[in-house]
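Below is one structure; the comments refer to it alone.
2 protein chains.
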Amino acid sequence: MTTSGRTPTMWDVARAAGVSQATVSIVLKGDAGSRVSAATVDRVREAVSALGYRPNATAKALRERVAELVGFIGDEVASAPFAGEIVEGAQERAWQDGQLLLVVNTGGRPDLEQAAVEQMRSHQVRRFVYASMYNRPVTLPPTLAGEEVVILNAIDPSEATWSVSPDEVQGGRAATQHLIDAGHRRIAMIDIESLESGLPAAVGRYEGYVAALEAAGLPVETDLVRFGGGSPEHGFEHAGALMDLAAPPTAIFCGNDRTAWGAYQALHERGLRVPDDVSIVGFDNQETVAPFLRPALTTMNLPFREMGWAAADILLTGGATQRRGSTMMRLHCDLVERDSVAPPREAS
Amino acid sequence: MTTSGRTPTMWDVARAAGVSQATVSIVLKGDAGSRVSAATVDRVREAVSALGYRPNATAKALRERVAELVGFIGDEVASAPFAGEIVEGAQERAWQDGQLLLVVNTGGRPDLEQAAVEQMRSHQVRRFVYASMYNRPVTLPPTLAGEEVVILNAIDPSEATWSVSPDEVQGGRAATQHLIDAGHRRIAMIDIESLESGLPAAVGRYEGYVAALEAAGLPVETDLVRFGGGSPEHGFEHAGALMDLAAPPTAIFCGNDRTAWGAYQALHERGLRVPDDVSIVGFDNQETVAPFLRPALTTMNLPFREMGWAAADILLTGGATQRRGSTMMRLHCDLVERDSVAPPREAS
Chain R
43 MTTSGRTPTM
53 WDVARAAGVS
63 QATVSIVLKG
73 DAGSRVSAAT
83 VDRVREAVSA
93 LGYRPNATAK
103 ALRERVAELV
113 GFIGDEVASA
123 PFAGEIVEGA
133 QERAWQDGQL
143 LLVVNTGGRP
153 DLEQAAVEQM
163 RSHQVRRFVY
173 ASMYNRPVTL
183 PPTLAGEEVV
193 ILNAIDPSEA
203 TWSVSPDEVQ
213 GGRAATQHLI
223 DAGHRRIAMI
233 DIESLESGLP
243 AAVGRYEGYV
253 AALEAAGLPV
263 ETDLVRFGGG
273 SPEHGFEHAG
283 ALMDLAAPPT
293 AIFCGNDRTA
303 WGAYQALHER
313 GLRVPDDVSI
323 VGFDNQETVA
333 PFLRPALTTM
343 NLPFREMGWA
353 AADILLTGGA
363 TQRRGSTMMR
373 LHCDLVERDS
383 VAPPREAS
Chain C
43 MTTSGRTPTM
53 WDVARAAGVS
63 QATVSIVLKG
73 DAGSRVSAAT
83 VDRVREAVSA
93 LGYRPNATAK
103 ALRERVAELV
113 GFIGDEVASA
123 PFAGEIVEGA
133 QERAWQDGQL
143 LLVVNTGGRP
153 DLEQAAVEQM
163 RSHQVRRFVY
173 ASMYNRPVTL
183 PPTLAGEEVV
193 ILNAIDPSEA
203 TWSVSPDEVQ
213 GGRAATQHLI
223 DAGHRRIAMI
233 DIESLESGLP
243 AAVGRYEGYV
253 AALEAAGLPV
263 ETDLVRFGGG
273 SPEHGFEHAG
283 ALMDLAAPPT
293 AIFCGNDRTA
303 WGAYQALHER
313 GLRVPDDVSI
323 VGFDNQETVA
333 PFLRPALTTM
343 NLPFREMGWA
353 AADILLTGGA
363 TQRRGSTMMR
373 LHCDLVERDS
383 VAPPREAS
C-alpha cells in the first residue's frame, strides 16, 4: 500500500526503488539480463514486496470485462513535455477499473472540441477529463455541460466543476522556506508572469514567497521581485539586473526551471558561482532541464502523475457528480533537493 | 498545399508563419486581442492563404460520420518529451478521415499490450500504430499479428511490417557536412551509444558521419570518435577528453542535444567558447534544450509530427496491407541552424 492508501502502481515501485519505470518494467518481465545490475534488481523486488504491488492486476482488470472509455480532452497538453506523465497517471487509474483512455488534443479550438466530444459520445464515453497545458482559470466548453467532467491542471473559478491542480501557494512557500532555512535573508524572486495575468502559477507562487518571508519576519522588498515571461532569456535578464543592485540578493527563487537556467547563465557570465555565491531554487522539476544544470537544480516537483491519477479517480468513484464541500483539489508539490542551495557566504 | 502534396494542417501554418501552433490557434479563433501582434496576425493569415489551409475541414470530417478508432499503442512513448508531437501528427491525419486515436501506453509489458489490444478490438479498432520511445529494432507482439499495423519511430528488421522512422544516416551525414562546409577538417563525434548496441540512432548517425568525412576526402580518426551514453554527463566527460588531446578537434558532432549540452559545459569550464573556439552540432532539436543553450544549438530536427502523420497515412490509405517494395519509410531530418557553428579559428 502507498501512504495515500491507493493501490500501488508501477511508478510507485519505481519511486520507492529509485529507478525509472522502464527499469521496473524490465525487471518485472524477467528481462534484466546484463542491462540492469543485480543490486538494482534486488531493490526493485524489495519495493514490489514492500508496497504489495501486483504486476498483473491491471491486465487482469482489463481482461475481465469490455472496457469502458474515459475521454481525455487536452488543449495543447499533448505537446507539453510533461504530457506523458499526466496522461499516464490518468491511464493507470482508469486501468485499475478496466477502462481505457480515449485521448484527443484539440488545440483549444471550440469546433474541434465539440466534434470530438460528439464522437466520443457515439462511442459511449460518459466521463471526461478536460486537461490544460498549464494551470489557468478555465470555463468548461458548452458541449461538456451536464457531463461528468474533471478539469485537470487548471481551475474552475466558479467551482461548478471539479478541478485538480498543483498547490502553487504551498509550493512557492516551501521553495522560499528552503532558502530561509539555509540562512538566507535577502531572497529575490523572478516570477514567470505578472500578477495581473491572473495565472495561478504566477500569482500562487508569489503568494507563497510572500507568506514565507512574512512568517520569518523578513520584509518583501519590491526591488528584489521581478516579473519575467518564464523563459531562460527572462531569467538571464532579470538575474543579471538583480546582481547589479547595490545590495544584491544571496538567493533567488525562480518561478520555473527555465527561468532558473537563465539565471545560472547570467551568474556564470559574471563569474559568480551557484551555490557558493548565489543559491537558486526553481519550480517544475522539468526532467529535461533540472537534473542537468551544473550544479543540478533544487526545485519543486509538479505532481503530474498524481494529478492525472486523481482526476480519473474522482470520475471513477462517482465524485464528479457530487457537490459536497470544495470542488478544487490542489495537490502538494514536493521539494526536490539537488545542489543549488548553500548557506549564504556571510550573514547579512 | 504543402510541398509533399498532403492537406495542410495547423502546424504547417505554424511553421510557415514561424510561430507556435498555439499562436495559430489563437489567431484562427479571432481571439488575438493584445496577446498577438498585428504583424504576427498578418503572417499567420498569409500562411493560411498561401497553403490553402481550411481550418474547419477537420471538424467537418469528424462530424460527417461516426468516427472509427485507430489504436495507438506506445511502449514508454507517452513519457518522452516529444510524445505530444508524434501523437498529434498521427491524430491530425486520422482526423482528416474523421477518425479518432485510442491511445494506450503499455510500458512495453506484454500482458498489458495483449489486454489493451483485445479491448481495442472490442471497440472495433482495426488499425494500429505501434510506437516506440526511441528508434530501435522491434518485433511485433504476437497479439498484433495479422492486424493492419504500422511501426512508428522504430524499425522491423524482417520488413514484414511497415515502419516509419527518422533517416539517421542522412541526418548524421548532413550534420557532419555542415561542419565541413564551415571549413572544419578535424571533426570529432561523440556518439550516444556503442555501435554494438545496434541502436539505429547510434549506428546510423555514425555511418552518416563517416560517409560525410570520406566524401570530403577526410580521414576518420579513431581518437576523435567517442561513445557515451547520451546524457549531458557523457558529453561533459568526452568533450573534456577530446579537448585535452595534443591535437584537439575544432568541431564536435554530438549524437544528441543532451550530449551537446554536456560538451558546452566542458568547454565552458576550460574557458573555451562556442563557436569561436569549437563548433558544435547536436541531434534531436529537443525543444526544451537546443534553443536555450548559450549560444543556441545548431542541430538536426527529428520529424516527429511528420512521422506520426505518415504512420496514420499508411494505415488510412490501405498501405499497411500492401507489400510492394520496401516497407521501411525513413523520413528526412532537417538541419536547424542556430549559433553554434563558425569557421575554424585558423585553417589546420
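Chains as they are written, first to last, in our numbering: chain R, 43 to 390; chain C, 43 to 390. The C-beta atom is built at its ideal place from N, Cα and C for all residues, glycine as well.
Inset, instruction - Say whether chain R places a C-beta atom closer than 8 Å to the C-beta of A393/C. - result: Residue coverage of chain C in this structure runs from 43 to 390, which leaves residue 393/C outside it and unanswerable.
Inset, instruction - Would you kindly work out how many angstroms separate the C-alpha atoms of E189/C and R168/C, rounded to a whole number? - result: Within the second sequence, residue 189/C is the residue found at index 147, counting from 1. Within the second sequence, residue 168/C is the residue found at index 126, counting from 1. In a straight line, the C-alpha of E189/C is about 7 Å away from that of R168/C.
Legend entry - At least 3 beta-carbon pairs within less than 8 Å: the segment 246 to 260 of chain R vs the segment 273 to 286 of chain R: no
Inset, instruction - Consider the Cβ of M342/R: report whether some Cβ of chain C lies at a distance smaller than 8 Å. - result: Along the first sequence, read from residue 1 onward, the residue named residue 342/R stands at position 300. For M342/R, the answer is no, since every Cβ of chain C falls outside 8 Å of its Cβ.
Inset, instruction - Report the three-state DSSP secondary structure of D198/R (helix, strand or coil). - result: As a first step, residue 198/R must be located in the first sequence, where it is residue number 156. Reduced to three states, the DSSP call for D198/R is coil.
Legend entry - Y172/R - containing beta strand (DSSP E), residue span: Sequence index remark: in the first sequence, residue 172/R carries index 130 (1-based). Note, Y172/R: beta strand (DSSP E), R169 to A173.
Legend entry - S79/R - DSSP class collapsed to helix/strand/coil: Within the first sequence, numbered from 1, the residue matching residue 79/R stands at position 37. It is coil, neither helix nor strand.
Inset, instruction - In the DSSP assignment, find the alpha helix (DSSP H) that holds I128/C and state where it starts and stops. - result: Here residue 128/C refers to the residue found at position 86 of the second sequence. Unbroken alpha helix (DSSP H) run through I128/C: A125 to Q138.
Inset, instruction - Report the residue ranges of all beta strand (DSSP E) runs contained in full by the segment 307 to 351 of chain R; include only those spanning at least 3 residues, in chain order. - result: 321 to 323
Inset, instruction - Taking 8 Å as the threshold, find out whether the segment 198 to 214 of chain C comes into contact with the segment 259 to 268 of chain C through three or more Cβ pairs. - result: no
Inset, instruction - Give me the Cβ distance between A158/C and V323/C, rounded to the nearest whole Å; I'm assuming they're in contact under 8 Å. - result: Against the second sequence, residue 158/C aligns to sequence position 116. Against the second sequence, residue 323/C aligns to sequence position 281. That belief does not hold up - the Cβ atoms of A158/C and V323/C are roughly 39 Å apart, past 8 Å.
Inset, instruction - Can you give me the Cβ contacts of R387/R inside the same chain, cut-off strictly under 8 Å, excluding the 5 residues immediately before and after it? - result: To locate residue 387/R, count along the first sequence from 1; it is residue 345. Around R387/R: T292, D318 and D319.
Legend entry - N-terminal and C-terminal residue of the beta strand (DSSP E) that P208/R is part of: One-based indexing of the first sequence puts residue 208/R at position 166. Per DSSP, P208/R belongs to the beta strand (DSSP E) from W204 to P208.
Legend entry - Cutoff 7 Å; reference S46/C; Cβ partners in own chain excluding five residues on either side: As a first step, residue 46/C must be located in the second sequence, where it is residue number 4. Any reading at S46/C is ruled out, since the residue's pLDDT is 49, under 50, leaving its predicted position unreliable.
Inset, instruction - Find the nearest neighbour of Q166/C within the set P179/C, T181/C and L144/C, judged by alpha-carbon distance. - result: Along the second sequence, read from residue 1 onward, the residue named residue 166/C stands at position 124. The candidate whose alpha carbon is nearest that of Q166/C is L144/C.
Inset, instruction - Please check if any C-beta of chain C sits within less than 8 Å of the C-beta of A187/R. - result: One-based indexing of the first sequence puts residue 187/R at position 145. Answer no: the Cβ-Cβ gap between A187/R and chain C never drops below 8 Å.
Legend entry - Helix, strand or coil at E190/R according to DSSP, with G and I counted as helix: Residue 190/R sits at position 148 when you count from the first residue of the first sequence. Residue state, collapsed to three classes: strand.
Inset, instruction - Compare the beta carbon distance of V267/R and R300/R with 8 Å and say whether it is the shorter of the two. - result: Position 225 of the first sequence, counting from 1, holds the residue named residue 267/R. Position 258 of the first sequence, counting from 1, holds the residue named residue 300/R. No, they are not a contact pair.
Legend entry - Residues near E155/C in its chain [Cβ-Cβ closer than 7 Å; skip 5 each side]: Along the second sequence, read from residue 1 onward, the residue named residue 155/C stands at position 113. Excluding sequence neighbours, E155/C sits near I115, T148, P183 and T185.
Legend entry - Other residues of its chain near P199/C: CB distance less than 8 Å, five sequence neighbours each side excluded: Translated into positions along the second sequence, residue 199/C becomes position 157. Answer for P199/C: P179, listed in chain order.
Inset, instruction - Give the straight-line distance between the Cα atoms of G361/C and I197/C, rounded to the nearest whole angstrom. - result: Looking up residue 361/C in the second sequence gives position 319. Looking up residue 197/C in the second sequence gives position 155. Taking the straight line from one Cα to the other gives about 16 Å.
Inset, instruction - Could you tell me the boundaries of the alpha helix (DSSP H) in which V262/C lies? - result: In the second sequence, the residue the question calls residue 262/C occupies position 220. From DSSP, V262/C is part of no alpha helix (DSSP H); its letter is neither H nor E.
Inset, instruction - Taking the CB atoms as reference points, tell me whether A371/C and G131/C lie closer together than 8 Å. - result: Counting from 1 along the second sequence, the entry for residue 371/C is found at position 329. Counting from 1 along the second sequence, the entry for residue 131/C is found at position 89. The sequence shown places Met at residue 371/C, rather than the Ala named in the question. Contact: no.
Legend entry - Test: N177/R CB closer than 8 Å to a CB of chain C: Stepping through the first sequence from its first residue, residue 177/R is reached at position 135. N177/R does not count as touching chain C.
Inset, instruction - Label E81/C either buried or exposed according to how many other C-beta atoms from any shown protein chain fall within 10 Å of its C-beta, with 16 as the threshold for buried. - result: Position 39 of the second sequence, counted from the start, is the residue given in the question as residue 81/C. Residue 81/C is actually Ala in this sequence, not Glu. Exposed is the call here.
Inset, instruction - Decide if the segment 326 to 345 of chain R is in contact with the segment 51 to 64 of chain C; the criterion is three or more beta carbon pairs, one per stretch, under 8 Å apart. - result: no
Inset, instruction - Compare the C-beta of L241/C against all C-beta atoms of chain R and say whether one is closer than 8 Å. - result: For the purposes of this step, residue 241/C is taken as the residue at position 199 of the second sequence. Answer no: the Cβ-Cβ gap between L241/C and chain R never drops below 8 Å.
Legend entry - Chain-order list of residues whose beta-carbon lies under 8 Å from that of P337/C (same chain, five-residue window excluded): Stepping through the second sequence from its first residue, residue 337/C is reached at position 295. Closer than 8 Å at the Cβ level, and outside the excluded window around P337/C, lie V316, P317, R380, D381 and S382.
Legend entry - For A305/C and F278/C, the rounded distance between their alpha carbons: Residue 278/C sits at position 236 when you count from the first residue of the second sequence. Residue 305/C sits at position 263 when you count from the first residue of the second sequence. Cα-Cα distance, rounded: 5 Å.
Legend entry - Residue burial classification, H220/C (beta-carbon count within 10 angstroms, cutoff 16): Here residue 220/C refers to the residue found at position 178 when the second sequence is read from its first residue. Burial call: buried.
Legend entry - Interface positions of the segment 142 to 159 of chain R facing chain C (Cβ-Cβ less than 8 Å), listed along the chain: L142, L143, L144, V145, V146, N147, G149, G150, R151, P152, D153, L154, Q156, A157 and A158
Inset, instruction - Return the chain-ordered list of same chain residues with a C-beta closer than 6 Å to the C-beta of Q328/R, the five sequence neighbours on each side being excluded. - result: In the first sequence, the residue the question calls residue 328/R occupies position 286. Only D299 meet the Cβ criterion.
Legend entry - the ligand NAP heavy atom lying under 7 Å from the CB of P184/C: This structure lacks the ligand NAP, and indeed carries no ligand of any kind.
Inset, instruction - Step through the CB atoms of chain C and report whether any lies within less than 8 Å of the CB of Q138/R. - result: For the purposes of this step, residue 138/R is taken as residue 96 along the first sequence, with counting starting at 1. By this cut-off, Q138/R is not an interface position.
Inset, instruction - Give the DSSP bridge partners of F295/R, in chain order. - result: Counted from its first residue, the first sequence places residue 295/R at position 253. The partner list for F295/R (beta bridge, DSSP) reads M231/R and V323/R.
Inset, instruction - Step through the CB atoms of chain C and report whether any lies within less than 8 Å of the CB of S236/R. - result: Locating residue 236/R in the first sequence gives position 194, where the first residue counts as 1. By this cut-off, S236/R is not an interface position.
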